[in-house]
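The numbering of the sequence shown is numbering that gives the first Met the number 0, which starts it at 0 and goes up by one. We put the beta carbon where it would ideally sit given N, CA and C, even for glycine. Below: one structure, written as structure tokens.
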Amino acid sequence: MLLEGKSVVVTGGNSGIGKGIVLAMAKEGASVVIDYVAHEDATDRLIAEVEQAGGRAVGVEADITRADDLHRMMRTAVDSFGRLDVLVNNAGMETRQSLLDTTEEDYEKVMSVNMKSAFFASQAAAKQFIEQGGGGLILNISSVHEEWPMPGNIAYCVSKGGMRMLTRTAGVELGPHGVRMVNIAPGAVDTPINASTTSNKDLLGKLQDAIPLRKLADPSDIADVAVFLASGRAAYMTSTTVTVDGGISQGSVGL
Ligand code: BGC
0 MLLEGKSVVV TGGNSGIGKG IVLAMAKEGA SVVIDYVAHE DATDRLIAEV
50 EQAGGRAVGV EADITRADDL HRMMRTAVDS FGRLDVLVNN AGMETRQSLL
100 DTTEEDYEKV MSVNMKSAFF ASQAAAKQFI EQGGGGLILN ISSVHEEWPM
150 PGNIAYCVSK GGMRMLTRTA GVELGPHGVR MVNIAPGAVD TPINASTTSN
200 KDLLGKLQDA IPLRKLADPS DIADVAVFLA SGRAAYMTST TVTVDGGISQ
250 GSVGL
């Protein structure tokens, strides 16, 4: 198993890409901490699934937009599994609004869930890694939209652009401590965040046509890369982004 004995925190771990990562990492021997705010039942079901497969997972009630709660998640990993090896900043949301439509409230929500949570969870994890010694890994689930504009979804793009710079800068700051930081930039993935597209036949067709591989990713496609990055096989990768998008961000109308 690639992650035997590793202790992992996954924010937003009870649905979508996060759930895929929890299942894939647990299958490779990792013990996992998952947060919930509203959906304790979804977290409980996922923990049961992990345990049935012989893995270990614990749930924590936490508001990932609050630095104190994020610290508590890292503490839970240490208290439950003896240490922390990997943080996955996965929690994310989008509002699909343009610059002209975005309210202050929506902007703050998107920035808090996507950007502020990644920033302060990384800070809490990095302090733990340095205290326990031996390095550590922070994986951010970013998006192709960390550098590719998505008109009509601007706050999301701004938050993901922030994650890109968080990884580049913090990766440099933390490198001397043996702490690595890498972004995964998925394209379109079949998760609840894309439900408004996948439930509409026309929109889904358009999206598939825009993807060179002609299909959305499954969460496991992203989770497989997360497992690779957390394994000993990616030990020299830091401060960078791995794009997993079926080619969507290279597409062009050819005019
Ligand atoms: C967004 C989706 C979008 C996809 C591909 C993702 O980051 O959440 O709304 O379809 O990128 O553009």
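Per DSSP, residue 185 is one residue of the beta strand (DSSP E) stretching across 178–185. Taking C-beta atoms under 8 Å as the contact rule, residue 63 and residue 10 qualify, at a distance of about 5 Å. Counting along the chain, residue 230 sits inside no beta strand (DSSP E), nor does DSSP assign it H or E at all.
Inclusion of residue 116 and residue 90 in the CB contact set at 8 Å is warranted, their separation being smaller than that value. In terms of Cα proximity to residue 60, the closest of 222, 75, 53, 97 is 75. Exclusion of the five residues before and after residue 228 leaves 136, 138, 181, 183, 236, 241 as the residues of its chain whose Cβ lies within less than 8 Å of its Cβ. Positions of the beta strand (DSSP E) runs, each at least 3 residues long and wholly inside the stretch 120–144, are given as 135–140 in order along the chain. Around residue 163, the same chain offers 145 as residues with beta carbons nearer than 6 Å, after the five sequence neighbours per side are excluded. DSSP, reduced to helix, strand and coil, places residue 246 outside both helices and strands of the structure shown, so it counts as coil. If you check the C-beta of residue 7 against ligand 1, you find no heavy atom less than 7 Å away.
Note that the C-beta distance between residue 32 and residue 8 is below 8 Å. Taking 7 Å as the cut-off, one finds no heavy atom of ligand 1 near enough to the beta carbon of residue 89. In the DSSP assignment, the residues bridged to residue 58 are 33. Within the DSSP bridge table, the entry for residue 216 names 188 as partners.
In the structure shown, residue 239 falls within a strand segment according to DSSP collapsed to helix, strand and coil. Distance between residue 70 and residue 130, taken at the CA atoms: about 14 Å. Classified as buried, residue 34 has 16 or more neighbouring CB atoms from the shown chains inside 10 Å of its CB.
Within 7 Å of the C-beta of residue 171 there is not a single heavy atom belonging to ligand 1.
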